[in-house]
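A.B. asks: Here it is, the structure, as structure tokens.
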Amino acid sequence: MNGAVEIVSGALVVLGSLFVLAGGIGALRMPDFYTRIHGASLTDSLGPVLVLGGLMLQAGLSLVTIKLAAVLLFLMVTSPTASYALANAALLAGLRPAEMDATTRAGVINQEEDSA
Amino acid sequence: MLLIAAIAILVTMALALARALLGPSVYDRVLAVNMFGTKTVLLIAVMAFAMGRTDFLDLALAYALINFIGVLAVLWFSHQHHLRNQSHSGTESGDEHSGDRQP
Numbered sequence: 001m002n003g004a005v006e007i008v009s010g011a012l013v014v015l016g017s018l019f020v021l022a023g024g025i026g027a028l029r030m031p032d033f034y035t036r037i038h039g040a041s042l043t044d045s046l047g048p049v050l051v052l053g054g055l056m057l058q059a060g061l062s063l064v065t066i067k068l069a070a071v072l073l074f075l076m077v078t079s080p081t082a083s084y085a086l087a088n089a090a091l092l093a094g095l096r097p098a099e100m101d102a103t104t105r106a107g108v109i110n111q112e113e114d115s116a
Numbered sequence: 117m118l119l120i121a122a123i124a125i126l127v128t129m130a131l132a133l134a135r136a137l138l139g140p141s142v143y144d145r146v147l148a149v150n151m152f153g154t155k156t157v158l159l160i161a162v163m164a165f166a167m168g169r170t171d172f173l174d175l176a177l178a179y180a181l182i183n184f185i186g187v188l189a190v191l192w193f194s195h196q197h198h199l200r201n202q203s204h205s206g207t208e209s210g211d212e213h214s215g216d217r218q219p
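Take a look at the structure:
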């Protein structure tokens, strides 16, 4: 019983850290800011869930679990918010996605003029 | 297990630092710093368990708070800078609050 929980917890932590590593590689290697934020923010959502979930299994039912849940809840709220604010600020500052076809570009520019 | 996770998170932090140094625009750097902060939180949590000192989780929580506020502050500063430059060059578009963009 205890051994099984240990194994599942370790597997979750390692899987989550692999997701985190994939996000880091994506943020370094992607060609464009918006593709970079795509890789970074998506893995920022799943990586902490797996890592902190695995640690929660390891901690059992105690105050430590509650602290881990608080950290997880806070990361779940703030990480997408920060990514959204970052992409919104970049778009409003005039940073354009690198390769965009003509119709999409016209749609984005029209939307921007409407909101301005 | 925890050691593998800690090493993977450390490698990711190094990659994020490389992106922060290379990044062509300010936003790439902010993205990399935000990533670095999130990975610091994870690293603190993992190392707390690896060292058996779970008091470190309080530090992780505080770090998550500071990271989020810091990113928003840098974005606000960048936005103000942008607006000031626009009004200096005389082409002010007049959107003070850029938050909600409903179509």
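Chains as they are written, first to last, in the working numbering: chain V, 1 to 116; chain G, 117 to 219.
Cβ coordinates follow ideal geometry from the N, Cα and C atoms, glycine included.
Measure the CB-CB distance between residue 5 (chain V) and residue 121 (chain G) and report whether it falls below 9 Å.
C.D. replies: For the purposes of this step, residue 5 (chain V) is taken as the residue at position 5 of the first sequence. For the purposes of this step, residue 121 (chain G) is taken as the residue at position 5 of the second sequence. Their beta carbons are not under 9 Å apart, which means residue 5 (chain V) does not touch residue 121 (chain G) by this criterion.
A.B. asks: Quick one: complete alpha helix (DSSP H) runs, 4+ long, within the region 27–94 of chain V?
C.D. replies: List check, alpha helix (DSSP H) in window: 33–59 and 63–92.
A.B. asks: Measure the alpha-carbon distance for residue 181 (chain G) versus residue 74 (chain V) and round it to whole angstroms.
C.D. replies: Counting from one through the second sequence, the residue named residue 181 (chain G) turns up at place 65. Counting from one through the first sequence, the residue named residue 74 (chain V) turns up at place 74. Rounded to whole angstroms, residue 181 (chain G) to residue 74 (chain V) spans 8 Å at the Cα level.
A.B. asks: Applying the criterion that 16 or more other CB atoms from any shown protein chain within 10 Å of the CB defines a buried residue, is residue 123 (chain G) buried or exposed?
C.D. replies: As a working mapping, residue 123 (chain G) is identified with position 7 in the second sequence. Exposed: under 16 other Cβ atoms inside 10 Å.
A.B. asks: So residue 8 (chain V) and residue 50 (chain V) are in contact, right, with Cβ under 8 Å, and what is the actual spacing, rounded?
C.D. replies: If you number the first sequence from 1, residue 8 (chain V) lands on position 8. If you number the first sequence from 1, residue 50 (chain V) lands on position 50. With 8 Å as the limit, residue 8 (chain V) and residue 50 (chain V) do not qualify as a contact, their Cβ atoms being about 11 Å apart.
A.B. asks: Tell me the residue span of the alpha helix (DSSP H) that contains residue 139 (chain G).
C.D. replies: In the second sequence, counting from the first residue as 1, residue 139 (chain G) sits at position 23. Counting along the chain, residue 139 (chain G) falls outside any alpha helix (DSSP H), and DSSP gives it neither H nor E.
A.B. asks: Might you give, ordered along the chain, the residues of its own chain that have their beta carbon closer than 7 Å to the beta carbon of residue 128 (chain G), omitting 5 neighbours on each side?
C.D. replies: Walking along the second sequence from the start, residue 128 (chain G) turns up at place 12. 155, listed in sequence order.
A.B. asks: For chain G, is any of its Cβ atoms less than 9 Å away from the one on residue 121 (chain V)?
C.D. replies: Residue 121 (chain V) is absent from the structure shown; chain V starts at 1 and stops at 116.
A.B. asks: Compare the C-beta of residue 124 (chain G) against all C-beta atoms of chain V and say whether one is closer than 9 Å.
C.D. replies: Locating residue 124 (chain G) in the second sequence gives position 8, counting from the first residue. True, the Cβ-Cβ gap to chain V drops below 9 Å.
A.B. asks: Taking 9 Å as the cut-off, decide whether the C-beta atoms of residue 164 (chain G) and residue 176 (chain G) are in contact.
C.D. replies: Mapped onto the second sequence, residue 164 (chain G) falls at position 48. Mapped onto the second sequence, residue 176 (chain G) falls at position 60. It is a contact, given that the beta carbons lie within the stated cut-off.
A.B. asks: Run through chain G and tell me which residues come within less than 7 Å of residue 79 (chain V), C-beta to C-beta.
C.D. replies: Position 79 of the first sequence, counted from the start, is the residue given in the question as residue 79 (chain V). Here the neighbours are 154.
A.B. asks: Closer than 9 Å, CB to CB, is residue 203 (chain G) near chain V or not?
C.D. replies: On the second sequence, position 87 is the one that residue 203 (chain G) refers to. It does not: the Cβ of residue 203 (chain G) has no partner Cβ on chain V nearer than 9 Å.
A.B. asks: So for residue 200 (chain G), helix, strand or coil by DSSP?
C.D. replies: As a working mapping, residue 200 (chain G) is identified with position 84 in the second sequence. Residue 200 (chain G) falls in the helix class under three-state DSSP.
A.B. asks: Using only the alpha-carbon positions, how far apart do residue 17 (chain V) and residue 92 (chain V) sit?
C.D. replies: The residue given as residue 17 (chain V) occupies position 17 in the first sequence. The residue given as residue 92 (chain V) occupies position 92 in the first sequence. Distance between the alpha carbons of residue 17 (chain V) and residue 92 (chain V) is about 33 Å.
A.B. asks: Listing by chain order, which chain V residues have their CB less than 8 Å from the CB of residue 175 (chain G)?
C.D. replies: As a first step, residue 175 (chain G) is located in the second sequence; it is residue number 59 there, counting from the start. Ordered by position in chain V, no residue passes the 8 Å Cβ test against residue 175 (chain G), which lies about 10 Å from the chain.
A.B. asks: Return the residue from the list V:95, V:33, V:40 and V:32 that minimises the CA-CA distance to residue 21 (chain V).
C.D. replies: Along the first sequence, one-based indexing puts residue 21 (chain V) at 21. The shortest C-alpha separation from residue 21 (chain V) is found at V:40.
A.B. asks: Rounded to whole angstroms, what's the CA-CA distance from residue 30 (chain V) to residue 79 (chain V)? Just pull it up for me.
C.D. replies: Locating residue 30 (chain V) in the first sequence gives position 30, where the first residue counts as 1. Locating residue 79 (chain V) in the first sequence gives position 79, where the first residue counts as 1. Roughly 20 Å between the two C-alpha positions.
A.B. asks: In whole angstroms, give me the CA-to-CA distance for residue 125 (chain G) and residue 159 (chain G).
C.D. replies: Here residue 125 (chain G) refers to the residue found at position 9 of the second sequence. Here residue 159 (chain G) refers to the residue found at position 43 of the second sequence. Whole-angstrom Cα-Cα distance: 6 Å.
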